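What follows is one structure encoded as structure tokens, with my remarks underneath.
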Amino acid sequence: MGIEVGVYARSRRYRDLEGTIPGAPRRQAISADRPGKKTLPWPVRLFLASLVVPWVGTIGSVSLYTSRVILLAMVLPCLAKWMRGASGRIRTSDIALLLFCLWSVVSLVVVHGPEFAVKPAGILFVETMGAYLVARCYIRDADDFFNMARMLFRVVAFLFPFALLEALTGRNVLLELFAAILPSFPNAGNDMRAGLWRAQVVFEHSILFGICAASALAVTHLVLGHRIPLFQRWLKTGLVGGTALLSLSSAPIAAIAVQAALMMWSALFRKNRYCWKILWCVALAAYLAVLFGSNQSPIQFYISKFTFEPATGWHRLLIWEYGSASVLNQPLFGIGFEDWARSSWMPPSVDMFWLLTTMRFGIPGGLLMVLSFFAVFLGVSFRKGLDERLVAYRTAYLIMMIAFFLVGWTVHYYGTAYLWFIFLLGSGVWLLDVGIDDGGKRQGNHGAVD
455 MGIEVGVYAR SRRYRDLEGT IPGAPRRQAI SADRPGKKTL PWPVRLFLAS
505 LVVPWVGTIG SVSLYTSRVI LLAMVLPCLA KWMRGASGRI RTSDIALLLF
555 CLWSVVSLVV VHGPEFAVKP AGILFVETMG AYLVARCYIR DADDFFNMAR
605 MLFRVVAFLF PFALLEALTG RNVLLELFAA ILPSFPNAGN DMRAGLWRAQ
655 VVFEHSILFG ICAASALAVT HLVLGHRIPL FQRWLKTGLV GGTALLSLSS
705 APIAAIAVQA ALMMWSALFR KNRYCWKILW CVALAAYLAV LFGSNQSPIQ
755 FYISKFTFEP ATGWHRLLIW EYGSASVLNQ PLFGIGFEDW ARSSWMPPSV
805 DMFWLLTTMR FGIPGGLLMV LSFFAVFLGV SFRKGLDERL VAYRTAYLIM
855 MIAFFLVGWT VHYYGTAYLW FIFLLGSGVW LLDVGIDDGG KRQGNHGAVD
């Protein structure tokens with residue numbers, strides 16, 4: 455018995471040291487019960503904090519936001535870490551996003567010439583691969599994901615009183631405080647809806663503030679709220695939802711509604727192993743009903759109905775019509791940053807992330823961005839053998855991504871919101887590396903490259 459205990463103890467110590475000693479499988483155990491005491495890696499903390507610091511500087515003709523400066527310092531070390539395999543296996547989403555950045559260079563060179571293309575292509579690479587790789591390299595297990603969700607909640611909770619004050623008075627106190635120190639984002643000139651001012655806080659626009667705040671809803675409820683008292687869980691969830699609603703914009707409201715509906719479905723049918731298959735069948739039936747029973751396409755139906763005002767939906771239908779024509783006219787390389795053909799009275803903005811990406815960089819660019827999204831989304835969706843905690847975390851991540859995908863048809867992610875979205879996309883890739891070793895212990899593979 456003593457020998458067996460000693461052997462068991464040594465094998466157990468060996469498993470605990472996996473990934474830290476030469477020759478041992480490079481794996482790190484993921485707790486199946488509750489978060490450990492590890493802290494969020496400092497690159498993630500620094501990056502997330504920079505997203506709510508609205509300072510803007512310039513070097514020559516290049517605008518340097520706080521978050522952009524942070525990513526400039528991080529992108530190459532993270533890229534090297536990723537290439538060494540220190541952030542897990544190289545995934546389809548990694549390659550697709552890298553190819554998207556490379557294709558954008560080709561598109562911009564063809565449309566604008568090499569001299570013009572250098573700056574926007576470089577910025578796009580830093581912001582896209584930088585934000586994605588910070589998440590890929592430093593959110594590597596369930597504890598990291600929990601700590602990230604906790605920081606997202608704290609960021610939203612910090613913004614809440616300032617957003618409430620702005621909604622009640624129309625004065626953006628927090629932006630004024632930052633602007634008193636260094637140049638910051640301009641006030642977007644918020645308007646009033648339902649007797650309240652639309653809160654912008656430290657973001658470029660009230661819509662972007664609402665989208666970013668709303669994205670924390672599912673992870674707050676399902677990740678932070680996992681196995682805590684119901685009152686605390688709903689208090690935190692309500693705080694996030696209430697903060698996002700202060701933007702008084704249709705896109706954040708849609709994001710909240712989608713996440714709330716999916717979380718409700720998950721709670722009601724959590725004991726049914728086919729609950730998500732049933733939901734996909736319902737969604738397919740709704741899609742076919744719109745396709746064959748409406749004079750609009752499903753995309754047109756969605757972008758016209760999920761709006762705060764009917765006029766906004768009508769305007770977005772026109773954007774879809776003219777934007778789609780632009781894609782068909784320039785299918786390979788897109789129009790870059792050239793103006794797009796439209797009616798003379800229409801403003802130049804395109805309030806659809808997925809459409810504008812395709813307009814700018816052609817169908818290959820749009821497809822690569824969509825591929826990077828669904829490579830993670832579908833891979834995580836079909837991940838098997840997860841315990842209760844990891845299933846909750848996976849559900850939160852997928853619900854958050856569904857909201858981003860749907861809302862991306864009604865708003866363009868730019869600036870802070872783009873970095874926020876790309877970072878959160880990369881934050882769930884660790885779930886693809888979760889495996890089961892011979893002893894039945896759930897672990898994440900942190901070293902292999904394929």
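Take 455 as the starting number for the sequence shown in my numbering and just add one per residue.
The beta-carbon is built from N, C-alpha and C at its ideal position, and this holds for glycine as well.
Since we're looking at a predicted model, the values are computed, not measured.
If you check the beta carbons only, do residue 558 and residue 594 fall under 8 angstroms apart? Mapped onto the sequence shown, residue 558 falls at position 104. Mapped onto the sequence shown, residue 594 falls at position 140. Not a contact, by the Cβ cut-off of 8 angstroms.
Let's test the definition: count the other Cβ atoms within 10 Å of the Cβ of residue 534 and tell me whether it reaches 16, buried, or not, exposed.
Taking the sequence shown and counting its residues from 1, the one referred to as residue 534 is at position 80. Exposed: under 16 other Cβ atoms inside 10 Å.
- Task: Starting from residue 812, trace the beta strand (DSSP E) both ways and give me its first and last residue.
- Result: By one-based count along the sequence shown, residue 812 stands at place 358. That residue, residue 812, is in no beta strand (DSSP E); its alpha helix (DSSP H) goes 807-835.
For this session: Check whether the Cβ atoms of residue 677 and residue 846 lie closer than 8 angstroms to each other.
Result: Along the sequence shown, read from residue 1 onward, the residue named residue 677 stands at position 223. Along the sequence shown, read from residue 1 onward, the residue named residue 846 stands at position 392. In this structure, residue 677 places its C-beta atom within 8 angstroms of the C-beta atom of residue 846.
State the start and end residues of the unbroken beta strand (DSSP E) segment that holds residue 513. For the purposes of this step, residue 513 is taken as the residue at position 59 of the sequence shown. Run containing residue 513: 510-513, per the beta strand (DSSP E) assignment.
Minimum C-alpha distance to residue 665 - residue among 507, 705, 614 and 610: One-based indexing of the sequence shown puts residue 665 at position 211. That would be 705, whose Cα lies nearest to the Cα of residue 665.
Problem set entry | Host alpha helix (DSSP H) of residue 977 (start-end) | No information on residue 977 is available, as it lies outside the stretch 455 to 904 that the chain covers here.
Cα separation between residue 657 and residue 508? The residue you call residue 657 lines up with position 203 of the sequence shown. The residue you call residue 508 lines up with position 54 of the sequence shown. Going by the C-alpha atoms only, they are around 7 angstroms apart.
message = Does residue 597 pass the burial test, meaning 16 or more other C-beta atoms within 10 Å, or should it be called exposed?
response = In the sequence shown, counting from the first residue as 1, residue 597 sits at position 143. Flag for residue 597 reads buried.
Q.
Just to confirm the assignment, what range does the beta strand (DSSP E) spanning residue 518 have?
A. Walking along the sequence shown from the start, residue 518 turns up at place 64. Start and end: 516-519.
Evaluate residue 735 with the Cβ neighbour count: other Cβ atoms within 10 Å of its Cβ, from every protein chain shown; 16 or more gives buried, anything less gives exposed. Here residue 735 corresponds to residue number 281 of the sequence shown, with the count starting at 1. Exposed, by the Cβ-count rule.
Q.
Below 8 angstroms, how does it come out for the stretch 645-660 and the stretch 493-510: are there three or more Cβ pairs, yes or no?
A. Yes: the two stretches touch, three or more of their Cβ pairs being nearer than 8 angstroms.
CB of residue 586 within 8 angstroms of CB of residue 530, strictly: Along the sequence shown, one-based indexing puts residue 586 at 132. Along the sequence shown, one-based indexing puts residue 530 at 76. It is not a contact, given that the beta carbons lie outside the stated cut-off.
Go to residue 880, then tell me how far its alpha helix (DSSP H) extends in each direction, as first and last residue. Indexing the sequence shown from 1 puts residue 880 at position 426. Where residue 880 is concerned, the enclosing alpha helix (DSSP H) stretches over 870-880.
query = Count the other CB atoms within 10 Å of the CB of residue 797; is the residue buried (16 or more) or exposed (fewer)?
reply = Numbered from its first residue, the sequence shown carries residue 797 at position 343. Exposed, because fewer than 16 other Cβ atoms sit within 10 Å of the Cβ of residue 797.
Q) Under a three-way DSSP split, which group does residue 770 fall into? A) On the sequence shown, residue 770 is found 316 positions in, with the first residue counted as 1. Helix, per DSSP.
Same chain, Cβ closer than 8 angstroms to residue 554, neighbours up to 5 away in sequence not counted: Counting from 1 along the sequence shown, the entry for residue 554 is found at position 100. Within the same chain, Cβ atoms closer than 8 angstroms to the Cβ of residue 554 are found at 582, 815, 819, 822, 823 and 826, the five residues on either side in sequence being excluded.
Note to self: residue 869 and residue 985 - do their beta-carbons sit closer together than 8 angstroms?
What the structure shows: Here the chain covers residues 455 to 904 and nothing more, so residue 985 does not appear.
query = Taking residue 521 as the reference, which of 562, 580, 568 and 566 has the closest Cα?
reply = Walking along the sequence shown from the start, residue 521 turns up at place 67. Closest option to residue 521, Cα to Cα, is 580.
8 angstroms Cβ cutoff met for residue 743 and residue 860: Position 289 of the sequence shown, counting from 1, holds the residue named residue 743. Position 406 of the sequence shown, counting from 1, holds the residue named residue 860. Taking 8 angstroms as the cut-off, the beta carbon of residue 743 is found no closer than this to the beta carbon of residue 860.
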